[in-house]
Structure formats: structure tokens, C-alpha cells
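Chains as they are written, first to last, in the numbering used here: chain A, 204 to 633; chain B, 204 to 633. Every residue, glycine too, gets a C-beta built ideally from N, C-alpha and C.
Protein chains: 2
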Amino acid sequence: MKKKLYNIAIIGLGNIGSYLFNFLNKNKDNISNKNNASFKIVFVSAKNKNKKRNIKIKKDQWLSDYKQVLKKKNVDIIIELIGGADGPAKQLVFGALKNKKHVVTANKALISKYGDELSKIAEKNKVNLEYEAAVCGGVPIIRSIKEGLIANKINRIYGIFNGTSNYVLSTMDKNNISFNETIKQAIKLGYAEADPSSDINGDDVAAKVKILSCLSFNSFISKNIHVEGIKDVNEEDIINANKLGYKIKLMGFSEVLNNKIFQRVHPTLVDKTSYIAGVDGVLNAVIVDGKPIGKNIIQGEGAGPSATTSALVSDISSILRGNVKFPFAISNTKRKKFSSGKITDLFFSSYVRLNVKDKYGVLTDVTKTFSNNKVSIKRVLQNPYKNKKNSSIVIITHRSKDSHIQKTLKTLAKKSYIIQKPKLLRIENS
Amino acid sequence: MKKKLYNIAIIGLGNIGSYLFNFLNKNKDNISNKNNASFKIVFVSAKNKNKKRNIKIKKDQWLSDYKQVLKKKNVDIIIELIGGADGPAKQLVFGALKNKKHVVTANKALISKYGDELSKIAEKNKVNLEYEAAVCGGVPIIRSIKEGLIANKINRIYGIFNGTSNYVLSTMDKNNISFNETIKQAIKLGYAEADPSSDINGDDVAAKVKILSCLSFNSFISKNIHVEGIKDVNEEDIINANKLGYKIKLMGFSEVLNNKIFQRVHPTLVDKTSYIAGVDGVLNAVIVDGKPIGKNIIQGEGAGPSATTSALVSDISSILRGNVKFPFAISNTKRKKFSSGKITDLFFSSYVRLNVKDKYGVLTDVTKTFSNNKVSIKRVLQNPYKNKKNSSIVIITHRSKDSHIQKTLKTLAKKSYIIQKPKLLRIENS
């Protein structure tokens with residue numbers, strides 16, 4: 204029996220697009236055999252035809268204008284690897300779905316911004332919108348939530364979703380070097396992009412959290428999310444954390460509490476002996492907490508052409524097998540609207556660092572300020588700075604309402620003995 | 204549009220069958236919505252109708268003879284939860300596939316013994332043979348290899364595949380109690396069956412390793428596997444391991460080296476700080492090492508009705524979505540025959556414990572015996588036993604050929620100063 208043939212177009216030929224192009228050509232038989240369907244790369248397109256790429260494009264494969272692909276009748280699957288939430292990527296993906304073509308994309312910015320609209324078009328036109336590569340690269344988390352863990356009512360999903368920031372924090376910890384020095388190294392080694400801002404400021408993790416929320420809770424995309432990056436985590440905090448038995452990780456969290464979705468991204472202190480503390484370097488880890496399964500962990504490489512290609516090929520394979528699924532696990536008519544919770548309503552044990560003038564009565568006033576704001580103190584660590592008349596006071600609080608801790612810090616910020624904006628890092632026991 | 208309806212029969216109503224029955228009834232709408240297809244439990248059957256079960260069976264659902272289900276035209280999916288490689292389970296699954304019915308099973312003994320024959324019938328009749336629940340319960344490893352990681356050429360798969368033995372070893376380690384005492388506790392707490400022999404002797408892990416090999420390497424089932432259980436691991440070994448910086452875990456391994464498949468199950472010393480050392484209690488963890496993805500880890504609860512039901516429902520959902528796949532990831536016509544490698548040809552750093560009479564020249568003779576057999580020694584730990592004229596010599600070897608180590612132990616076993624059969628535990632650096 205002749206296998207069904209799918210025609211593929213790859214739009215965007217950067218590192219990932221080129222890697223995928225070569226991988227599909229090299230592994231064509233194997234992928235066809237496993238999915239009992241064959242495929243052909245009929246078109247490719249990119250901004251600059253003459254850029255040097257390590258791929259062999261046939262003459263009739265090249266499209267000078269990527270938008271032509273939307274009108275081609277012999278294209279079944281469009282792979283969008285342009286990037287960016289708006290502009291050409293948006294036009295391409297909307298156009299593809301409207302023209303009843305399956306879409307595979309690695310674009311988390313696009314999905315986290317326009318996913319709701321896109322999934323409606325995909326559902327109406329009965330085509331796949333696949334985006335495994337948009338979240339945690341090679342970690343098959345999208346497919347696991349939608350298929351392997353389909354039975355479960357998920358109440359919490361969290362973890363380390365950004366390889367660059369995780370590399371930076373674990374390198375600072377290991378080598379005892381500054382944030383700026385580590386970033387420079389990371390760019391040099393290819394672990395960070397030339398402009399690593401979205402990795403560092405938490406936006407990249409935020410996009411992933413928004414997507415994972417929809418899949419986990421069958422909700423629509425919620426734009427309400429608390430986002431802090433790692434720019435303000437310095438060596439001193441890392442050294443203090445170690446002294447106190449913690450590691451610092453940039454983590455994303457989404458959970459449903461009292462019918463509200465709480466989404467947040469922030470540097471987090473985790474117990475040194477916990478699983479998550481050991482996830483170092485460019486690795487990603489996703490922890491799904493649900494019923495009846497309990498906690499499930501998936502860990503792997505989060506980025507780079509090879510991990511991303513693994514995800515893209517799993518998406519393409521799903522289409523080849525005719526495994527049409529709702530983009531967000533369930534029909535849009537069944538997705539729910541949750542209201543959003545605020546981080547200020549959550550409870551944390553927190554790490555607070557104050558740089559203060561070394562003078563009589565400071566510690567007393569600090570502890571009084573905490574207790575006035577209903578925050579009780581668990582541990583105090585005071586380090587005088589050498590050759591200065593200042594010292595650093597580190598406080599670990601008992602579990603307290605985040606709004607109370609934030610209020611405490613606001614009050615403290617105004618005190619005459621405070622030299623620098625007080626630093627707050629939240630602690631998680633998971 | 205009306206959803207396609209699938210009729211389901213559940214055969215076997217023990218803990219898992221009953222839990223699944225209730226779960227499917229309670230979550231019917233949700234499962235139907237997610238898969239865009241509906242289902243109905245039309246029949247159930249079990250050995251003893253009058254056994255007390257916490258489920259409500261309608262009169263017309265009960266089949267007095269499970270074999271009747273094979274002839275029922277209105278049955279699309281048969282869920283086999285009888286257990287055992289032969290007898291009724293075998294008859295049911297062979298019969299179901301021959302009668303073109305989809306099969307979902309949690310039966311690792313059956314799949315690891317008859318999987319090759321069963322998959323041929325399933326492929327010929329274009330029905331699904333799904334067995335996610337047979338390997339590591341709630342950990343969606345089968346689906347991940349077949350779908351999420353489909354792009355990868357896997358060269359090694361290993362991990363902790365048995366919750367009972369992992370519970371026993373971690374409890375012995377934590378509470379410093381004997382093997383027999385721990386087993387008694389585990390049975391009492393429901394972490395081990397009344398007869399835990401297949402968990403303890405390594406057979407359960409061996410069945411899972413055989414299944415994972417086929418999926419990972421696109422091979423046929425290989426019956427050649429080295430299997431050691433945990434019965435001979437005692438408190439002394441656990442204490443020694445801790446002193447030397449290791450934990451002891453029962454692990455399964457399968458890998459392809461020089462076109463041969465090496466399958467093995469044995470208690471293994473792993474670095475205390477490694478990821479796998481931290482996987483405690485009833486948890487399972489599977490590590491997949493492949494290209495282009497690198498190392499991928501999936502961890503979760505390995506057994507029990509809730510974890511198993513999560514897996515069974517993911518299998519049922521796959522059938523509801525019409526996601527027909529080859530049972531072993533690729534057509535039987537494309538599966539490969541590998542020859543089998545022997546553990547004696549592999550290289551390990553090993554832990555050897557010798558109980559010896561405390562007399563002059565013993566250590567010299569021991570070390571000479573190692574070097575005569577081309578095994579070089581890395582560390583020695585000698586503990587005299589209190590109030591006895593014996594002592595224990597623990598040796599950590601450098602990486603050596605397993606056959607050389609085994610020969611060393613055979614030679615040592617014959618020495619007059621050896622009191623007890625020498626103990627060998629292999630070390631893994633992964």
C-alpha cells in the first residue's frame with residue numbers, strides 16, 4: 204500500500220531551520236516508516252537568499268516571498284521558524300491556518316500572545332497547530348500533558364523553563380563570579396544570545412508559563428503574570444543562599460487556587476538537597492502535579508538546534524499519523540475563563556537582604572518593622588562589610604502573606620539607615 | 204456533529220480494574236471532550252462475580268465468561284487487567300487482536316514474552332495494542348519514546364523501574380534496618396505485594412527492560428538479559444556504600460554497543476550526589492540517552508491503581524483519537540534483529556566485599572589475586588568485626604572487564620581464609 208504523502212514548507216532558515224532541513228533529509232526513511240506516511244520538503248524561504256547556510260536547497264524549493272506558500276495547493280504542513288510575536292511570523296501562521304494548512308512552530312511569543320485566536324481557526328478548519336518546540340525545547344512536555352498525562356486534573360505546574368538563566372545562575376554559584384562576567388562568558392560559549400534580555404528579564408519564562416497554564420487547566424491565555432528576572436541576583440545573594448542551605452533558580456509557576464490562576468516568574472530559593480536544586484546548566488525541568496498521578500517530572504535540554512529539532516519532528520510526526528488534536532488539549536468551546544490571582548495574596552517564606560549603616564539600634568528597628576507588618580522572622584544573618592561602616596542583614600521569614608512582606612520592605616526602604624533598595628527573594632519548599 | 208462512539212470492555216476487576224471503572228465513569232465527559240470521541244463501558248468480567256468491590260456494575264454489563272467478549276460485535280476496545288504471561292490473559296489478548304479489537308493492557312509479563320507475535324497480529328488487523336501501564340505506571344515513557352522523542356536515535360535507556368525494590372532499598376538506607384524487616388513493613392504498608400518475589404528478584408525490571416529495548420532500538424524482543432535482584436544486598440553493603448560516597452539502587456539498563464544489545468538488571472552503586480541517588484521511595488525514573496536530544500529524564504510514581512489508571516486512560520485516549528500506531532514504534536517488517544552482548548564483556552568499576560579470617564598475609568594475597576586477574580584496585584576499606592576473629596575487606600576496583608572481576612571472585616571463593624561467598628556490586632557513573 205502506498206503511504207500518504209505530506210508536503211512540507213520550512214519558512215525561516217536560521218540555526219534551527221537549517222538543522223531541521225538537514226535532519227529531515229537525512230532521516231526521511233526512518234520518520235516515514237515510524238509514522239507510516241511519507242513527506243517531502245517542497246519549499247523553503249528565508250529573508251536573505253544569499254546568506255551562507257550549511258544546507259543544499261534545490262532551485263525549485265526556494266520561495267523568494269514566504270507569503271507565496273499560503274497559496275500553494277501542494278503544501279500540507281507549514282513550519283514557521285521566523286520568530287517574534289508579530290510581523291511576518293504572525294502573518295504566516297494566521298494565513299496558514301486560514302488556508303487549512305497544518306502549522307508547526309517553535310514561536311512561544313506568538314503562541315502565548317495569539318494562541319487563543321489561532322487555536323479557534325485551527326479547530327474550525329480541522330488542522331493541527333503544533334508548538335512542542337516553543338516550550339522547553341527537547342523536553343516533550345506539551346505532548347505529555349496532552350497525551351501521556353491526559354487523565355489527570357493538574358493543579359500545579361512549575362519548574363526551570365529557561366536554559367540561559369539557569370546556566371548563568373549555576374555558573375555564578377559554581378565559579379563565584381559576577382552576573383555581568385557570567386553573561387559575557389555565556390554569550391561567548393553560545394549559551395546566551397547576543398541580546399539575552401528576554402532570557403534574563405523573565406519574559407521568555409513568562410510566555411512558557413502562559414502556554415502551560417492553558418494546557419494544564421483547560422483555560423484561555425491569561426495575561427496576568429508576575430515577572431521578575433535574574434538581573435538583580437548578585438554574588439552576595441548566592442553566597443548567602445549557600446550558607447543558609449539553598450540554591451537560587453529562576454523558576455516559573457502556575458497553579459489554581461480557589462478557582463483563580465496564579466502565574467509567576469521569579470528567582471527562587473530552593474532547598475540545596477531538593478531535586479530542582481540539582482538541575483544545573485542549560486537543562487530545563489518541568490514538574491506536573493495532578494490527580495491521580497501525583498508529581499511527574501520531565502527533564503532535558505531546553506534549547507539549541509538539536510533539542511528544538513527533536514520537538515519539531517515529534518510535531519511533524521503527529522501530523523503525519525493524522526493525530527489531529529485540539530491545540531490546547533480541549534475544544535475552544537470547552538475552555539474555561541478563570542479570574543487571575545495576585546502574588547500579593549500568596550504565602551511565602553522569604554529571603555530579605557538589607558544593606559544598612561552599622562549603627563546602634565538598627566537590628567532592633569528592623570525586626571520591629573517586620574513584626575509591625577505581621578511578618579515573623581525565622582533566621583537572621585548579619586555580615587559586616589570589610590573596611591566599611593555598613594553591614595548586610597539577611598532575614599529568612601516564616602511563611603507570611605506576600606503583601607505583608609512587600610509592605611515591610613516598602614517601610615524599610617524609607618529608613619535612614621538603609622543604604623540600598625531592600626532585596627526580596629521568595630523560597631519554595633517543593 | 205455527533206462524536207464517534209467506542210465500546211469498551213474491562214476484563215479483570217482487581218484494585219486497578221475497579222479504580223479504572225470508577226475513574227472512566229466519573230471523568231467520562233472530560234475524556235470524551237479532550238479526544239473528541241465518546242465511549243461506553245459495555246461489558247466487565249472477572250473471575251469471581253460475588254467478590255466485594257467498590258463499584259456499581261449494571262446487570263447487562265456483567266459477562267460470566269470473559270471469552271464471550273471476543274465474539275461481541277459491539278466491543279471496540281478490550282482492556283486486559285487479568286495479569287500473568289500465560290493462561291486467560293494470553294488467550295484474551297491474542298483473541299481480541301485476532302478479532303480486530305483494540306487492546307489496552309497493563310501486563311508487562313505478557314508483552315515482554317509474546318509482544319512480537321501480538322504486534323504482528325495488531326499490525327495486520329490495523330488495531331492498537333497499547334501497554335503504557337505495563338512499564339513504570341504513571342510515567343508516560345512508552346508514549347514519550349514513540350511520540351515525543353520519535354526523532355531520536357536512542358543508544359541507551361536505563362533507570363529505576365521498580366517502586367517496591369526502590370522503596371525497600373531507600374528504607375533500609377534511611378532507617379538502618381534489615382532487608383527482611385523492611386520487606387515485612389513494605390507489605391504491611393501496601394508498597395509490596397504479599398508475594399513480592401518478582402519485584403525483589405529483578406524479574407519485574409527485566410520484563411520492562413525487554414520492552415524498552417524494543418521501543419528504543421526498533422529491535423525484536425531479546426530474551427538474553429543478566430538479572431540480579433536485591434535479596435543479597437544487606438545493611439553492611441548499604442553502610443559501606445554510604446562511607447564510600449554511594450547509594451545502592453536496583454537499576455535496569457539496555458544499550459547498544461557494537462551492534463549488540465546489552466540488557467541487565469542489578470543492584471548498582473551510584474554517586475550519592477547524582478540525580479538517580481535522589482530518586483527514593485516508590486518513585487520510578489527513566490533516563491533516555493539519544494541523538495539529537497541528549498539525556499531526557501522522566502520521573503513519577505511507578506505503581507498503584509492511580510498511577511496505572513493515568514497510563515491506561517492515556518492509552519484509551521490514543522485509541523479514541525484514532526492515533527493508530529505500530530505497537531513497537533515501527534512496522535514489524537522494519538524491526539531489526541540484534542545479537543545479544545554479555546555482561547562479562549562490559550567494563551565496570553566494582554564494589555567487592557570479602558568476609559575473611561583475620562590472619563597474617565590475607566590482604567596481600569587478596570590484592571595479588573586481583574592483579575593476577577588484570578583487575579587493579581582503587582580503594583580498600585577494612586573493617587574488623589567486633590568480638591570475632593574475622594573482618595570484612597571492601598575493595599573498589601578501577602574500571603575492569605566484568606569477566607576478569609568475576610574470575611577474580613571465583614578464585615577468591617576457593618581461598619581458605621574466605622568465610623562467605625564474595626559479594627559483587629557494580630558501579631555506574633551516570
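Please return the same chain residues whose Cβ sits closer than 8 Å to the Cβ of residue i, not counting the five positions on each side in sequence.
i                      : result
residue 328 of chain B : 300, 301, 303
residue 264 of chain B : 244, 245, 246, 247
residue 326 of chain A : 529, 530, 534, 535
residue 257 of chain A : 221, 225
residue 446 of chain B : 584
Cα-Cα, which of the options is closest to residue i?
i                      : options                    : result
residue 517 of chain A : A:340, A:447, A:361        : A:340
residue 550 of chain A : A:602, A:458, A:292, A:526 : A:602
residue 575 of chain A : A:392, A:608, A:393        : A:608
residue 410 of chain B : B:375, B:338, B:422, B:331 : B:338
residue 222 of chain B : B:580, B:515, B:543        : B:515
residue 408 of chain B : B:381, B:368, B:597, B:379 : B:368
residue 565 of chain B : B:324, B:596, B:397        : B:596
residue 321 of chain A : A:468, A:295, A:342        : A:295
residue 558 of chain A : A:513, A:571, A:540, A:617 : A:617
residue 193 of chain B : B:572, B:582, B:577        : The question about residue 193 of chain B has no answer here: the residues shown for chain B are numbered 204 through 633.
residue 230 of chain B : A:254, A:316, A:355        : A:355
residue 494 of chain B : A:284, A:508, A:495, A:552 : A:508
residue 305 of chain A : A:318, A:278, A:293, A:537 : A:278
residue 435 of chain A : A:372, A:610, A:456        : A:372
residue 381 of chain B : B:228, B:413, B:438, B:401 : B:438
residue 628 of chain B : B:612, B:554, B:580        : B:554
residue 489 of chain A : B:377, B:501, B:406        : B:501
residue 542 of chain A : A:462, A:562, A:249, A:250 : A:462
residue 313 of chain B : B:471, B:473, B:406        : B:406
For my contact list, residue i and residue j are in at a C-beta cut-off of 8 Å; report their separation, rounded to the angstrom.
i                      : j                      : result
residue 622 of chain A : residue 586 of chain A : That belief does not hold up - the Cβ atoms of residue 622 of chain A and residue 586 of chain A are roughly 14 Å apart, past 8 Å.
residue 238 of chain B : residue 526 of chain A : At roughly 11 Å, the Cβ-Cβ gap does not stay under 8 Å, so residue 238 of chain B and residue 526 of chain A are not in contact.
residue 393 of chain B : residue 487 of chain B : That pair is no contact at about 17 Å.
residue 481 of chain A : residue 478 of chain B : 6 Å
Can you list, in chain order, the residues of its chain with a C-beta nearer than 6 Å to that of residue i? Leave out the 5 residues immediately preceding and following it.
i                      : result
residue 375 of chain B : 385, 441
residue 282 of chain A : 213, 307
residue 298 of chain B : 273
residue 520 of chain A : 238
residue 584 of chain B : 597
residue 336 of chain A : 309, 511, 514, 515
residue 499 of chain A : 491
residue 429 of chain A : 467, 546
residue 465 of chain A : 458, 544
Buried or exposed: residue i, going by 16 or more other Cβ atoms within 10 Å of its Cβ?
i                      : result
residue 201 of chain B : There is simply no residue 201 of chain B to check, as chain B begins at 204 and stops at 633 in what is shown.
residue 421 of chain B : buried
residue 600 of chain A : buried
residue 448 of chain A : exposed
residue 347 of chain B : buried
residue 450 of chain B : buried
residue 476 of chain A : exposed
residue 460 of chain A : exposed
residue 397 of chain B : exposed
residue 287 of chain B : exposed
residue 582 of chain A : exposed
residue 613 of chain B : exposed
residue 251 of chain A : exposed
Near residue i, which residues of its chain fall below 7 Å by C-beta distance, leaving aside the five closest residues on each side in sequence?
i                      : result
residue 370 of chain A : 389, 394, 484, 485
residue 523 of chain A : 209, 238, 240, 242
residue 567 of chain A : none
residue 332 of chain B : 300, 306, 321, 322, 325, 530
Does the ligand GTP have a heavy atom nearer than 6 Å to the CB of residue i?
i                      : result
residue 416 of chain B : The ligand GTP is absent from the structure shown, which contains no ligands of any kind.
- Task: Please specify which runs of the alpha helix (DSSP H), each continuous and at least 4 residues long, are wholly inside the segment 212–275 of chain B, giving them in chain order.
- Result: 218–229, 231–238
- Task: Return the chain-ordered ranges of every alpha helix (DSSP H) run that is complete within the segment 424–481 of chain A and spans a minimum of 4 residues.
- Result: 438–446
- Give, in chain order, every unbroken run of the alpha helix (DSSP H) that is at least 4 residues long and sits entirely within the segment 274–339 of chain B. 291–301, 311–327
- Message: Restricting to runs no shorter than 3 residues, where is the beta strand (DSSP E) found entirely within the segment 335–403 of chain B?
- Response: 356–363
- Message: As an exercise, report each continuous alpha helix (DSSP H) stretch of at least 4 residues that is fully enclosed by the segment 527–593 of chain B, in chain order.
- Response: 565–575
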